[in-house]
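Protein chains in written order, with this note's numbering: chain B, 1 to 251; chain V, 252 to 490; chain F, 491 to 892; chain G, 893 to 1231; chain A, 1232 to 1522. Here a beta-carbon is modelled for each residue, glycine too, at the ideal position from N, C-alpha and C.
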Amino acid sequence: MLETNNVTINFGGLIAVNNVSIKVQPHKITALIGPNGAGKTTLFNCISGVYKPTSGEVILDGQHLEGKRGFQINAAGIARTYQVINLFWKMSVLENVLVGMNSRLKASFWDSLLSTKKKREEERRIHERAHELLQFVHLDEYADAPAASLSYGKQRLLEIVRGLASDPKVILLDEPAAGMNTAEKAELDILLNKIIEMGVTILVVEHDMKLIMDVSDYIYVLCNGMLLAEGDPDKIQKNPEVIAAYLGGDE
Amino acid sequence: MAKLLELIDFHYYYGNIHSVKGINMHVEEGEMVTLIGANGAGKTTTLQSISGLTKRKGIQGRILFNGKEIQTYPGSKVAGLGIAQALEGRHIFSKLTVDENLRMGAYLRKDTKNIKDDIDSVYKRFPRLLERRNQLGGTLSGGEQQMLAIGRCLLSRPKLMLLDEPSLGLAPLIVKEIFIAINEINREGTTVLFVEQNSKIALSTAHRGYVMQTGEIVMSDTCKNLMENTEVKKAYLGV
Amino acid sequence: AAPKTEEPKTEEPSKQQPETKEPEGEEEPSGETFRISTYLQLSGSNAEAGNNAKNGIDLAVKYINENGGFNGAQVVVDHYDTTGSTEEAVKIVQKVLENKSADAIIGSVNSNEVSACISYINEAELYNFGLGTSATWMEDQSMIWTFRASANNNRIAPLDVDMILELGYDTVAIISGTDDTGSSTATAFEKACAEKGLTVTTRQECDTADTDFSGQITQILATDPDTIFMSLIGDTFGPFVKQLRNMGYNGMLACKECFSTAYQEVAGYENSNYIAFVYPYVPYNSVEECTIPYMRSMLEKYYAEYGKCPTHESAYRGWDTMMAMWEASKIAGSNESDALREATHKVKIDGLGGTLDYTKGDREGYSAFNSFVLVDGQNILLDEWLSSGGYEAYKTATGRDR
Amino acid sequence: MNILNIQKKLPLIVGLAVLLCALPFLVRFVAGNQYPLLIMCIILIYIIAVSGLDILFGYSGQISLGHAAFFTLGAYTSGLLNIYFNLPLYLTIPAGTILATLIGALLAYPASKLKFHFLSLATVAFGEITYYFLYKSPGGFTRDFKGINVISIGFLGEDYLKWYFFLLAFVVIVLLGKTSLIKSRTGRAFISIRENTHAADGMGINVRKNKIIAFAVSAFLTGLAGALYVHLIKYISPETSMQKQSVLFLTMLLFGGTASIMGTIMGVVCIEVLMEAIRPLQEYQMLFYGVLLLIVIVALPGGIYGGLKNVAQNIRKAALKRLGRNTDNQKKVEKGGEA
Amino acid sequence: MFKILLINGLIIGGVYGLIALGYSLIYRASGLMSFAQGDMITLGAYLGLTFYSILRLPFFLSFILTFACAFIVGVLLEKGVIRALLNKSVLPIYIVLATIAISYIIQNATQALFGTTTLRFPQVFSTATLTISGITAQTEAFACLVISLALMFLLHLFMTKTKFGTAMRSAAMDPLAAESCGINTSMSTGITWALAAAIASIAGMLLGPMYGVYTTLGSVVGRKGFAGAVVGGYGNMYGAMVGGIILGLVETFVAGYWTGTYKNLIAYAILILFLFVKPTGIFNEKAIQDV
Ligand SMILES: Nc1ncnc2c1ncn2[C@@H]1O[C@H](COP(=O)(O)OP(=O)(O)OP(=O)(O)O)[C@@H](O)[C@H]1O
Ligand SMILES: Nc1ncnc2c1ncn2[C@@H]1O[C@H](COP(=O)(O)OP(=O)(O)OP(=O)(O)O)[C@@H](O)[C@H]1O
Ligand SMILES: [Mg+2]
Ligand SMILES: [Mg+2]
């Protein structure tokens, strides 16, 4: 459903991503792993429109996305979270989710200005939906608190629901488990599966191998910008190249 | 052994939010101590308060370093005493190169001759950084930034090194290397206090541990004992 | 020798008849006092002129009050600072008019501000004097409540042309400010040049807040004029002359007004040589320098009050204005705006720069002016300078034959 | 739910309305003349103008140090159309407003790309250009430095009482519109751009477009204020588009507190009243103004409204704490009793 | 004619550049924007005037004293106002507003102290004009160009090559991390503002003799200096100089070949066009946001 074909990204001579092709299957969790600086985040940024690929293409359901702007890509059905948490800090938790819905709203500027019926109906609808989403990750009780006052783990959850708010086809998660403790990671595991049940496809970058091996259906391994290996978790875990470059010997 | 660092009935208030509620803890000279706990427990607040990086008026209680009260010192003065911290969220100088970032770590050092060697040894530990030495800090990958943050901390040759979630965002292989490095550093004589979410690796590296929950210390023991504690096992080790 | 000025006639306080005026309740605050509101630029870029005018007015008011006031009423002045903003000037005038807190208003030395306020004052039918020298705001004949006791640049401009012709020059370049006074005077000058056969080689403009004029000067010098006519404002005079001299022009300059000591300070005294101008009066560096008796007596008072001579001729404007109003009040025998306005048309007194004569009905006081030239820090009457061989000395000193 | 809300607030709204209606009569009675009414009218106009700036800066995070230019554009357009073509004011005022809006949108098109400092320079430059243009226009059609004298709105004339209610209606409409806009997807888009441009883009918000909208709305309000102002004061000059006026708007906004309705109102009222109050200080008024401004900024960063809110909060907190402590003490006492 | 304009443009550009340096320094070393920099020039000019002309001290001594006083004023400003605001972590715009308030205060206080008369700053250099390949120019103006070029090099070296300069930049980028490295961020910003004030005082000492000393001396050239700093690439010392010179040249050439009437309008129009067409500044400081 989402695929990249021979994507290369070049930062003034430094090739961060080199000729990478991946395919994300619908309703599956696909993982992208690899050593630090392998180019995972860069690839994410390229898919979500922060960077333009130097060459290659990004396709979602047959629609070309390369070179499109971030908001267009979001409208096309790709949502994302960030490696460094990127919330609207001073807005309330609820508002963060509402902003996430922006690309799906119909009310025009004039509707907004004049508070037409259309706008009021829509507002009511999205408020309900936002509360639903917050309940989904147990953040409903914080709805009116500013996002900045949440603890790190909760901020991560909020970022995920904010992404889900735009009803995406695919959501890209960049290290969702970073900064979480074991218990929270277990919860995240469940959450990811729930998201799949909602009909949203997931592409995830993560360094926590336990989580990755648990949840993912298919794994791509990047190293130095190039695809090192791909396959299902079992296969990857046993791949000696991957072990040498990334996983390290088992203890 | 002498207590290098001691917190006595330490409280921290963010305005009206009482986020650390009267904790007592200490680190002895040459020791390696870990502080674990759930999200929002107040670990970062504690660490940053020791380093003088939180607003001083939020502090109640005493922080002693080498027997001297330092809870009123500003950050730069604390750094001058020999306490260095690798901050949560990395805090790399985004528009300085990797090399300059490292040099800033050695800002207070007088022995300018040895700095060069120390930088080289950081590069030896993290070859990835050597490749990127002239790149701007802000454009590094997340993991590279974490390495840089730790490297910068090392360069001040501190007496006490504070690390806030050093494994955050690092590849499994590097995580192992980092903790091996921390171990080495400690063995070379630097006292270490670190916060870590990966409790397993934390407890298997450090000598002693404190467990923190919603602003209070709920347990403290040697790591060996903590690892065997059933509650810890359940809450932090996922067993 | 002095310009055509006679000894001032009357200085003894005129006895007034308090029974003629009856206070008319709250909306007419006259009676014990005669309140004058002023709006002047007291801070900002042209504040020098504003503050000198303020001093001139205050000095005259003190003198008037010591000598009987306006028909027995003590004169009280409320000064307001426009900070150089016309908007603020309008607000001040509206405030004064709405509060009915003044029996008369004296306007700004900045003609822009006068232009903006004049119609309100006329609508309110309040006795008013303007202090600016621009022609524009006196052109409208329906503004019957406003008078002026300072020079009108449009009347001076043709005389400037005559003066330049008298010096034997054929061509002139113009530098003009973009402000009201600067540009209207330059335009009048240009017109007079066309009529009298003086060739204008170029007209350059600069902004009131400019500090660098090298572009304009380069253009002016490229046309090689015999002389340059300066129609600028305030702070631009000094730097302009200085830069002009530094860029190699050492010839005669013509100026729309007297080149005040403040300007000379900035331009440098050595650079301020040979500046010719037509004006009712000139500033003095010391009281002793002044030989005109009436002017000298005013300067003495000024010096006693402020410890220095006026640094800008706007102090004279303030003094003259108050004296004209005082005379009008004596003639009218009443302090009503209406009576004062009527009476002003009968005023004919000695001003600091010659006769202030309002009997022509054009609400303007001055109509006769003198030509001066500034040499070695002294303002010398042009005729005297010419006849005493100054011009020859100038030629040898500068090496210019024109 | 909505109705319930309104019902709850009804006494407040009615009270406010009565107060606002009674105020001018009261003021005129106390002062004995119309001048304070004029100031109140100016305050109302500035509320509209500063609301515009608030939408731009307070909500969407774009700085403008040349906002007075929109104000004068509205004013001059309305005034000049009336002078030259004798058009009625009910046409010229909207025309001035629309021109300001168009120019705002046009300027925003390239300017929306610029970062904070560069945007502030671009807007400074825009203000200066407007000033120099009005000050010395081709053919002198703006009457240059002289400024323009214009007519008052016919049915209002010089009666500032009528003006007051006329302008009050405008202010109410503007503030209602502003509230409605802010509490909509557009408003949330503005705020999200201010908070985190990067993330806003990632969340499907067309940053460019929304920034341009914010600029246009802002220019609309400020232009409208200008077009009304010129007929109230009956005069406008190029100086009004200078930085000083833009800074005045910004000062009002920051003084009161950004991104709120009350903040804008309080800022405008305080500064305007202050400026009136210090006028007798003559040439020292700016000194006094500067010092006072500095003190308030340092003491109450976040504006008066923010400061007041904080104070209110602290009082409440302190009260709660006191209560809490009392109960603590009681407990201790009880314990002591037991022991 | 071209040569005359070129030289004069360079010279006035040097003046703008000198002022731009102060703006750039503040931005580079504290990440803030000051609108009081122009008025610090005024203050410097009055200080210089007090020492040199009123107290009749020798020029060199007056220069040092002015520099020192301005430095102290800068420190006080930072400690009293900027630091207080930084500690309350307010929006940066409040700091801008505070500097605007300071600019009002300086303008009015100097007027209250020294009056409205434009005061003469006695000639420092010989009054003789300087002749460069047949073209004469003001000696002070030329000195101004030379001094600003020298300052540019010094500041650039200081900011990029010295440990302390790098530390100042670090403190601007991330105060928390800087503190943890032992950099006294409070002192660093203090010194930044003090240095900027001191640079402005040098500008004031140089401009005073050229234009006379009056209360609004700095505010207009200050605005031009700000424009120059941004055009060149905000925060870059070479950029400040180049930006200032470009602005000076544009102004002089517009006035010299075209019209003095629209000189300022055109200068600003070019500036705005420049921002829109090449929003990176000349020295590649990124002006556009990533989105
Ligand atoms: N703007 C940029 N300019 C230059 N180099 C860059 C830029 N952005 C990223 N890089 C480099 O590209 C490489 C890939 O970075 P990326 O952030 O994609 O790594 P990553 O796989 O996400 O690593 P991590 O797991 O540590 O987050 C890194 O070496 C980084 O230094
Ligand atoms: N600047 C702040 N203002 C208000 N509250 C804060 C602030 N910083 C932290 N807190 C609150 O203080 C508490 C302790 O936070 P702290 O960051 O010290 O926790 P932590 O143990 O480091 O958590 P984590 O594992 O998520 O990093 C949290 O509840 C947090 O919400
Ligand atoms: Mg990454
Ligand atoms: Mg933490």
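Which of the three DSSP states is assigned to F/F637 in this structure?
It is a strand residue.
Any Cβ of chain B within less than 7 Å of the Cβ of G/D946?
By this cut-off, G/D946 is not an interface position.
Taking 7 Å as the CB-CB cut-off, is V/L477 touching chain B?
No, V/L477 lies away from the interface with chain B (no Cβ there is under 7 Å from its Cβ).
At the level of alpha carbons, what is the spacing between G/L1048 and B/S48?
Between G/L1048 and B/S48, the C-alpha separation is close to 57 Å.
Quick check on DSSP: helix, strand or coil for A/I1243?
Looking at A/I1243 - three-state DSSP - the assignment turns out to be helix.
Anything in the segment 1402-1416 of chain A with a Cβ closer than 8 Å to a Cβ of chain V? List those residues in chain order, please.
Within the segment 1402-1416 of chain A, the qualifying residues are M1404, D1405, L1407, A1408, A1409, E1410, S1411, C1412, G1413, I1414, N1415, T1416.
CB F/F719 to CB F/F749, shorter than 7 Å?
No. Outside cutoff.
F/R735: buried (16+ other C-beta within 10 angstroms of its C-beta) or exposed?
So F/R735 counts as buried.
Would you verify that the beta carbon of V/K364 is, or is not, closer than 7 Å to some beta carbon of chain A?
No, V/K364 does not count as interfacial toward chain A.
Span of the beta strand (DSSP E) holding G/R1232?
As displayed, chain G neither begins before 893 nor continues past 1231, which places residue 1232 of chain G out of reach and without an answer.
Closer than 7 Å, CB to CB, is F/K585 near chain G or not?
Closer than 7 Å: yes.
G/Q954 and G/L1011 look like a contact to me (Cβ under 8 Å); what is the Cβ gap, rounded to whole Å?
Contact flag correct, Cβ pair sits at about 6 Å.
What's the C-alpha gap between A/A1500 and F/C607?
Distance between the alpha carbons of A/A1500 and F/C607 is about 32 Å.
Does the Cβ of B/N193 lie closer than 6 Å to at least one heavy atom of ligand 1?
For ligand 1, not one heavy atom lies less than 6 Å from the Cβ of B/N193.
Go ahead and pull the three-state DSSP assignment for A/L1263.
Note: A/L1263 maps to coil in three-state DSSP.
To which residues of the same chain is F/E509 closer than 8 Å at the C-beta, ignoring the five residues directly before and after it?
Unreliable positioning characterises F/E509 in this predicted model, as indicated by a pLDDT of 40, which lies under 50. A coordinate reading is not provided.
Go through the residues and name those whose CB comes closer than 7 Å to any heavy atom of ligand 4, in chain order.
Spelled out in chain order, the answer is B/Y152, V/K294, V/T295, V/E339, V/D415, V/E416, V/V446.
Any chance the CB of V/G393 is under 6 Å from a heavy atom of ligand 3?
Yes; taking the cut-off as 6 Å, the Cβ of V/G393 has a heavy atom of ligand 3 nearer than that.
Measure the alpha-carbon distance for F/E518 versus F/A592 and round it to whole angstroms.
In this prediction, F/E518 scores a pLDDT of 42, lower than 50, which makes its location untrustworthy; the coordinate-derived value is nonetheless stated afterwards. Their Cα atoms are separated by approximately 9 Å.
Could you give the first and the last residue of the continuous alpha helix (DSSP H) run that contains G/M1134?
Run containing G/M1134: none; DSSP gives neither H nor E here.
According to DSSP, what are the bridge partners of V/K308?
Answer is none; V/K308 lacks a bridge partner.
What separation, rounded to the nearest whole angstrom, lies between the Cα atoms of G/L1235 and A/M1232?
For chain G, the structure presents residues 893 to 1231; residue 1235 of chain G sits outside this window and is missing.
For A/G1470 and A/G1479, which I take to be in contact (beta-carbon distance under 8 Å), what is that distance rounded to the nearest angstrom?
Actually they are not in contact, since the Cβ atoms of A/G1470 and A/G1479 sit about 15 Å apart, beyond 8 Å.
Going by DSSP, which residues form a beta bridge with V/M412?
Answer is V/A335, V/V443, bridged to V/M412.
Jot down the residue ranges of each uninterrupted alpha helix (DSSP H) in the segment 1432-1486 of chain A, minimum 4 residues, whole runs only, in chain order.
With a minimum length of 4 residues, the continuous alpha helix (DSSP H) runs that stay inside the segment 1432-1486 of chain A are 1448-1464, 1468-1484.
Verify the contact flag: B/L14, CB atom, against every heavy atom of ligand 1, threshold strictly below 6 Å.
Because some heavy atom of ligand 1 lies under 6 Å away, the Cβ of B/L14 counts as near it: yes.
Would you say F/L532 reaches chain G, if we count a Cβ-Cβ gap shorter than 7 Å as a contact?
F/L532 counts as touching chain G.
Report the partner residues of G/I1128 according to the DSSP bridge assignment.
In the DSSP output, where bridge partners are listed per residue, G/I1128 has G/I1040.
Between which two residues does the beta strand (DSSP E) harbouring V/R459 extend?
It spans 459-464 - the beta strand (DSSP E) in which V/R459 sits, taken as one unbroken run.
With DSSP as the reference, label F/Y884 as helix, strand or coil.
Helix at F/Y884.
Going by the C-beta, is V/I268 closer than 6 Å to any heavy atom of ligand 2?
Yes, the Cβ of V/I268 comes within 6 Å of a heavy atom of ligand 2.
By Cβ distance below 7 Å, which residues in the same chain neighbour G/V1099 in space, the five residues on each side in sequence not counted?
Counting only Cβ-Cβ distances below 7 Å, and skipping sequence neighbours, we find I1085, T1089, A1092, D1093.
Pull up the CB-CB distance for G/T1132 and G/A960, whole angstroms please, since I reckon it's below 8 Å.
Going by Cβ atoms, the distance from G/T1132 to G/A960 rounds to 6 Å, so yes, they are a contact pair.
In angstroms with no decimal places, state the Cα-to-Cα distance between A/T1273 and F/E538.
The straight-line gap from Cα to Cα measures roughly 17 Å.
Do B/A38 and ligand 1 come close, with the Cβ less than 6 Å from some heavy atom?
B/A38: yes, Cβ under 6 Å from ligand 1.
DSSP three-state call for V/R438: helix, strand or coil?
Of the three classes helix, strand and coil, the one that applies to V/R438 here is helix, per DSSP.
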